[in-house]
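*Asks:*
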Amino acid sequence: MSIKHPPKAKKIPKELVIHNDVRVDDYYWLNEKENKDVISYLEAENDYYNALTGHTKDFQESLFQEMKGRIKEDDSSVPYKLNDYWYSTRYVIGGEYPLYSRFKHSLEATEEIMFNCNDMAKGHDYFSLGGIAISPDNKLAAFGVDTVSRRQYTLQIKNLETGAILEDKIENTTGGGVWANDNETLFYTRKDPVTLRSDKIYKHKLGTPTSDDVLIFHEKDDTFSTFIYRTKSKKYLVIGSFSTLTSEFQILSTDNPDGKFEVFSPRVRGLEYTIFHYEDSFYILTNKDKAENFKLMRTSEEKTYSEHWIEFIPHRQEVLLEDIDIFKEYYVLSERENGLNKIRIVRWDGAEEYFLPFKSETYTAYVGSNPDFDTEILRYSYNSMTTPSSVIDFNMRTKAKEVKKEQEVLGGKFDKENYKELRLWATARDGEKIPMSVVYRKDTILNKDTPILQYAYGSYGSTIDPYFSTVRLSLLDRGFVFAIAHIRGGEYLGRRWYETGKLLKKKNTFTDFIDCSKYLIEQNMTSANHLYAMGGSAGGLLMGAIINMQPDIYNGIIAAVPFVDVVTTMLDDSIPLTTGEYDEWGNPNEKEYYEYMKSYSPYDNVIAQEYPNMLVTTGLHDSQVQYFEPAKWVAKLRELKTDNHLLLLNTNMEAGHGGASGRFESLREVAKEYAFLLDLEGKIA
Numbered sequence: 001m002s003i004k005h006p007p008k009a010k011k012i013p014k015e016l017v018i019h020n021d022v023r024v025d026d027y028y029w030l031n032e033k034e035n036k037d038v039i040s041y042l043e044a045e046n047d048y049y050n051a052l053t054g055h056t057k058d059f060q061e062s063l064f065q066e067m068k069g070r071i072k073e074d075d076s077s078v079p080y081k082l083n084d085y086w087y088s089t090r091y092v093i094g095g096e097y098p099l100y101s102r103f104k105h106s107l108e109a110t111e112e113i114m115f116n117c118n119d120m121a122k123g124h125d126y127f128s129l130g131g132i133a134i135s136p137d138n139k140l141a142a143f144g145v146d147t148v149s150r151r152q153y154t155l156q157i158k159n160l161e162t163g164a165i166l167e168d169k170i171e172n173t174t175g176g177g178v179w180a181n182d183n184e185t186l187f188y189t190r191k192d193p194v195t196l197r198s199d200k201i202y203k204h205k206l207g208t209p210t211s212d213d214v215l216i217f218h219e220k221d222d223t224f225s226t227f228i229y230r231t232k233s234k235k236y237l238v239i240g241s242f243s244t245l246t247s248e249f250q251i252l253s254t255d256n257p258d259g260k261f262e263v264f265s266p267r268v269r270g271l272e273y274t275i276f277h278y279e280d281s282f283y284i285l286t287n288k289d290k291a292e293n294f295k296l297m298r299t300s301e302e303k304t305y306s307e308h309w310i311e312f313i314p315h316r317q318e319v320l321l322e323d324i325d326i327f328k329e330y331y332v333l334s335e336r337e338n339g340l341n342k343i344r345i346v347r348w349d350g351a352e353e354y355f356l357p358f359k360s361e362t363y364t365a366y367v368g369s370n371p372d373f374d375t376e377i378l379r380y381s382y383n384s385m386t387t388p389s390s391v392i393d394f395n396m397r398t399k400a401k402e403v404k405k406e407q408e409v410l411g412g413k414f415d416k417e418n419y420k421e422l423r424l425w426a427t428a429r430d431g432e433k434i435p436m437s438v439v440y441r442k443d444t445i446l447n448k449d450t451p452i453l454q455y456a457y458g459s460y461g462s463t464i465d466p467y468f469s470t471v472r473l474s475l476l477d478r479g480f481v482f483a484i485a486h487i488r489g490g491e492y493l494g495r496r497w498y499e500t501g502k503l504l505k506k507k508n509t510f511t512d513f514i515d516c517s518k519y520l521i522e523q524n525m526t527s528a529n530h531l532y533a534m535g536g537s538a539g540g541l542l543m544g545a546i547i548n549m550q551p552d553i554y555n556g557i558i559a560a561v562p563f564v565d566v567v568t569t570m571l572d573d574s575i576p577l578t579t580g581e582y583d584e585w586g587n588p589n590e591k592e593y594y595e596y597m598k599s600y601s602p603y604d605n606v607i608a609q610e611y612p613n614m615l616v617t618t619g620l621h622d623s624q625v626q627y628f629e630p631a632k633w634v635a636k637l638r639e640l641k642t643d644n645h646l647l648l649l650n651t652n653m654e655a656g657h658g659g660a661s662g663r664f665e666s667l668r669e670v671a672k673e674y675a676f677l678l679d680l681e682g683k684i685a
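Letter by letter, the sequence shown follows residues 1 to 685 of the UniProt record's numbering.
1. Keeping to the same chain, check which residues put their C-beta closer than 7 Å to that of L476; ignore five residues upstream and five downstream.
2. Kindly give me the distance between the Cβ atoms of A400 and D515, rounded to whole angstroms, as I take these residues to be in contact under 8 Å.
3. Measure the C-alpha to C-alpha separation of residue 721 and P7 and round it to an integer number of angstroms.
4. To the nearest angstrom, how far is the alpha carbon of T568 from that of N587?
5. Assuming Y593 is part of the alpha helix (DSSP H), what are its boundary residues?
6. Can you round the beta-carbon distance between V606 and S537 to whole angstroms, since I take them to be within the 8 Å contact cut?
7. Please specify which runs of the alpha helix (DSSP H), each continuous and at least 4 residues long, are wholly inside the segment 606-631, giving them in chain order.
8. Of all the beta strand (DSSP E) runs that stay within the bounds of the segment 284-366, which reach a length of 3 or more residues?
9. On the three-state DSSP scale, how would you describe I445?
10. Starting from the C-beta of V24, find all residues in its chain whose C-beta is less than 8 Å away, skip the five residues before and the five after it, and write them out in chain order.
11. May I have the straight-line CA-CA distance separating I251 from D221, to the nearest angstrom?
12. By Cβ distance, which residues of its chain are closer than 7 Å to G659, with the 5 residues on each side in sequence left out?
13. Contact between the segment 40-51 and the segment 322-339 is defined here as three or more beta-carbon pairs at a separation below 8 Å; is this criterion met?
14. State the DSSP-derived secondary structure class of D21, mapped to helix, strand or coil.
15. At which residue ranges does the segment 539-589 contain complete alpha helix (DSSP H) runs of 4 or more residues, listed in the order of the chain?
16. In three-state terms, what does DSSP make of N50?
17. Quick check: what's the CA-CA separation for V409 versus Y382?
18. Decide if Y354 is buried, meaning its Cβ has at least 16 other Cβ atoms within 10 Å, or exposed.
19. Which of helix, strand or coil does DSSP assign to Y674?
20. Using 8 Å as the threshold, is the segment 526-541 in touch with the segment 449-459, meaning 3 or more CB pairs across them?
21. Classify Y202 as buried or exposed, calling it buried when 16 or more other Cβ atoms lie within 10 Å of its own Cβ.
22. Output the boundary residues of the beta strand (DSSP E) element that contains T185.
23. By Cβ distance, which residues of its chain are closer than 6 Å to N287, with the 5 residues on each side in sequence left out?
24. Exposed or buried, what is A685 when buried is set at 16 or more other beta-carbons lying within 10 Å of its beta-carbon?
25. Look up R197 in the DSSP assignment and say whether it is helix, strand or coil.
26. Measure the Cβ-Cβ separation of L155 and G163 and say whether it is below 7 Å.
27. Comparing C-alpha positions only, which one of S469, R190, I324 and S76 sits nearest to T231?
28. Can you tell me the Cα-Cα spacing of R663 and D465, whole angstroms?
29. Alpha carbon to alpha carbon, how far is E322 from M534? Give it in angstroms, no decimals.
30. Among L649, I326 and T56, which one has its Cα closest to the Cα of G682?
31. Helix, strand or coil for H657? Go by DSSP, reduced to three states.
32. In whole angstroms, what is the alpha-carbon distance linking S2 and L646?
33. Per the DSSP calculation, K10 is bridged to which residue(s)?
34. Anyone know if the C-beta pair for N116 and L99 falls short of 7 Å?
35. Just reading off the beta strand (DSSP E) that R379 is part of, what are its end residues?
36. Over the uninterrupted alpha helix (DSSP H) stretch that includes E32, give me the two end residues.
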């Protein structure tokens, strides 16, 4: 194969007809995963990628070693206490995967290694350990293993006293399980084998064949998924059902695993709620009564239907109520105001209420894992784009705080005083102010020659907070500026920010990103020759949309596992996640949504024009964005684009949506991305 001639996918026209509209898809055949021609095409693209990036291989390796060198290899988590045991996760030097340990009574006790994932991962190209669930008597651990990267976990049970793995083995689950108080009844969630939707809750009794497991609940509405957990109070097992806009819960006493789950409050389209148990009441975080930014309500254990809910914390127009953590003497509210996290601590008896103080202009603070109910210690985390992450234990009574761990940046070169972070506000074309969190080295001069990497996600109400990254230092130290655009479609500025960036308002997500880019150029912080954009999954859809709409203001883009064939995917309800996504994108079986979706779908809107330099990545086993979406997109771009810019498709033939599973191996993928950007900037050295 000549380097000068990229792979050319054959064209097999397929007509796709709906609403009397005909779309012709020349590359539809690439979805035939078992077709050897498909694999050959993906391998040819990989060969082409390797040929055109061969000169960066040594640089990629040095980047990898540089990024790895900042990470403490024998790192460990801050232990947390649960049921008289202290639990910890740690790494060993040379290990790609963690060890899960515990200590009885105190951290001075003998370490019990529950799972050594380095041993468990041997012989597998991919390995992931699912949620570990410890039985109430501390003797058993349910755990899930995925060795394919399709998030289909095989559930097993380990006797923590003997180390033996029990014969019980359950395929195609979401990972962990939930124990009843009898220590022998385990509830778990199974997936539809085709769509991978979590749709069934089963009950397993220890020592009985898994074929005898009892189906407890089947979520038949294919726009919903289901899950099960136990309340922090340990009193209830809870089955949850959720779609993008609607939720419903069922409850059962943990002492009565063979009883019948009762509906907490029946689902009503558009009504979202989450439940928390305390003493003889439930607290409900909900958008009931048009509480767009959510409010907190309360009801008794006996009367749980929504007509009995009483307002506890009212709705506020400017404050998004995101979560509540419940302790014996206190409750803790996670709020967001003007984009910034706030942690509010309140005594149940009303004697005291205050916020944790955060003074930075832009930061991320969140409540961590607090499984212990009877404690006055709140564990939370804090970081910013210049400040490494800290895990802090805060005494809610005395207000004393103890930094339990501060992220170490090894290598001896990092000093947070060398970096500057700020928050900028770009004006969108409809007048909205779009915030951006920006970080760069203080000695980087901002002008039209400054390279900027602009990143965003912008879907599902998922907020990308301004976070610290040791990996990102490899860009900043080479003169790059990194900017997170908090565009509509996320919830950075509250629920309205999400509602105005979805369904028939989805294009706001794309135009917000473009308007942020134009702002950076107008402020003379960069120029079209040095501006880069990056996004993954639904953020990859964003990348596809912006380069169709405004390709001339970017020198390069990185689209990781991009969701780019929106119409075809949303019309195929056999594809994982599709039906549950109707409330996010719309249902294209309805003409209005079909036409709107088609007007922005990246694959459908590729035209004969110049496009930026592009690196597109995917995984052959991806269960969320199927590999054929980016493969088809690249094939169509190759056919139609009128430029000589780079267009590279790199497929990980072993991995899925999350890429490589090892903590260091995943850095190799980042090194590929950074090398692509730095090569375009002439900064490979």
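Think of the CB as a built atom: it goes at the ideal place given N, C-alpha and C, for glycine as much as any other residue. The model shown is predicted, which means the values in this text are computed figures rather than measured ones.
*Replies:* Reading from the atomic positions:
1. Taking the first residue of the sequence shown as 1, we reach residue 476 at position 476. Counting only Cβ-Cβ distances below 7 Å, and skipping sequence neighbours, we find Y419, V439, Y440, R441 and F482.
2. For the purposes of this step, residue 400 is taken as the residue at position 400 of the sequence shown. For the purposes of this step, residue 515 is taken as the residue at position 515 of the sequence shown. About 45 Å separates the CB atoms of A400 and D515; that is not less than 8 Å, and the two are not in contact.
3. Outside the displayed range of the chain (1 to 685) lies residue 721, so it cannot be described from this structure.
4. By one-based count along the sequence shown, residue 568 stands at place 568. By one-based count along the sequence shown, residue 587 stands at place 587. Roughly 11 Å separates the two Cα atoms.
5. Looking up residue 593 in the sequence shown gives position 593. Run containing Y593: K591 to Y600, per the alpha helix (DSSP H) assignment.
6. Residue mapping note: residue 606 aligns to position 606 of the sequence shown, counting from 1. Residue mapping note: residue 537 aligns to position 537 of the sequence shown, counting from 1. Between S537 and V606 the Cβ distance is about 19 Å, and since that is not below 8 Å, they are no contact.
7. Counting only runs of 4 or more, we get nothing.
8. Segments of the beta strand (DSSP E) lying fully in the segment 284-366: 295-300, 310-313, 319-326, 330-337, 340-347 and 353-355.
9. On the sequence shown, position 445 is the one that residue 445 refers to. Secondary structure of I445 (DSSP, three-state): coil.
10. As a first step, residue 24 is located in the sequence shown; it is residue number 24 there, counting from the start. Taken in chain order, the residues that qualify are P13, K14, E15 and L16.
11. Start at 1 with the first residue of the sequence shown, and residue 251 comes out as number 251. Start at 1 with the first residue of the sequence shown, and residue 221 comes out as number 221. C-alpha separation (whole angstroms): 19 Å.
12. Sequence index remark: in the sequence shown, residue 659 carries index 659 (1-based). At G659 the pLDDT is 47, less than 50, meaning the model places this residue with poor confidence and gives no usable figure here.
13. Touching, no.
14. Indexing the sequence shown from 1 puts residue 21 at position 21. D21 falls in the strand class under three-state DSSP.
15. Taken in chain order, the complete alpha helix (DSSP H) segments of 4 or more residues contained in the segment 539-589 are 566-571 and 582-585.
16. Residue mapping note: residue 50 aligns to position 50 of the sequence shown, counting from 1. Reduced to three states, the DSSP call for N50 is helix.
17. In the sequence shown, counting from the first residue as 1, residue 409 sits at position 409. In the sequence shown, counting from the first residue as 1, residue 382 sits at position 382. If I take the Cα positions, the gap works out to 16 Å.
18. Taking the sequence shown and counting its residues from 1, one reaches residue 354 at position 354. Using a 10 angstroms sphere on the CB of Y354, the tally of other CB atoms stays under 16, which defines it as exposed.
19. Taking the sequence shown and counting its residues from 1, the one referred to as residue 674 is at position 674. Residue state for Y674 is assigned as helix, using DSSP reduced to three classes.
20. The answer is yes - the segment 449-459 touches the segment 526-541, with three or more Cβ pairs under 8 Å.
21. As a first step, residue 202 must be located in the sequence shown, where it is residue number 202. Under this definition Y202 is a buried residue.
22. For the purposes of this step, residue 185 is taken as the residue at position 185 of the sequence shown. Looking at the DSSP string, the run of the beta strand (DSSP E) that includes T185 is T185 to K191.
23. Within the sequence shown, the letter at position 287 stands for residue 287. Taken in chain order, the residues that qualify are E272 and F294.
24. What you label residue 685 is simply residue 685 of the sequence shown in a count that begins at 1. That one is exposed.
25. On the sequence shown, residue 197 is found 197 positions in, with the first residue counted as 1. In this structure, DSSP gives R197 a state outside helix and strand, which the three-state scheme calls coil.
26. The residue labelled residue 155 in the question sits at position 155 within the sequence shown. The residue labelled residue 163 in the question sits at position 163 within the sequence shown. It is not a contact, given that the beta carbons lie outside the stated cut-off.
27. To locate residue 231, count along the sequence shown from 1; it is residue 231. Shortest Cα-Cα distance from T231 to any of S469, R190, I324 and S76 involves I324.
28. Here residue 663 is taken as the residue at index 663 of the sequence shown, counted from 1. Here residue 465 is taken as the residue at index 465 of the sequence shown, counted from 1. Their backbone Cα atoms lie some 22 Å apart in a straight line.
29. Residue mapping note: residue 534 aligns to position 534 of the sequence shown, counting from 1. Residue mapping note: residue 322 aligns to position 322 of the sequence shown, counting from 1. Their Cα atoms are separated by approximately 27 Å.
30. As a position in the sequence shown, residue 682 is number 682, starting the count at 1. Out of L649, I326 and T56, the CA that lies nearest to the CA of G682 is found in T56.
31. On the sequence shown, residue 657 is found 657 positions in, with the first residue counted as 1. With a pLDDT of only 46 at H657, under the threshold of 50, the placement of this residue in the model should not be trusted; the figure read from the coordinates follows. DSSP places H657 in coil when its eight states are reduced to three.
32. One-based indexing of the sequence shown puts residue 2 at position 2. One-based indexing of the sequence shown puts residue 646 at position 646. Bear in mind that the predicted position of S2 carries a pLDDT of just 45, short of 50, making it unreliable; the figure below should be weighed with that in mind. S2 and L646 have their C-alpha atoms spaced approximately 15 Å apart.
33. On the sequence shown, position 10 is the one that residue 10 refers to. In the DSSP output, where bridge partners are listed per residue, K10 has none listed.
34. Taking the sequence shown and counting its residues from 1, the one referred to as residue 116 is at position 116. Taking the sequence shown and counting its residues from 1, the one referred to as residue 99 is at position 99. Against a cut-off of 7 Å, the Cβ pair of L99 and N116 comes out as a contact.
35. Numbered from its first residue, the sequence shown carries residue 379 at position 379. Start and end: I377 to N383.
36. In the sequence shown, the residue the question calls residue 32 occupies position 32. That residue, E32, is in no alpha helix (DSSP H); it is neither H nor E in DSSP.
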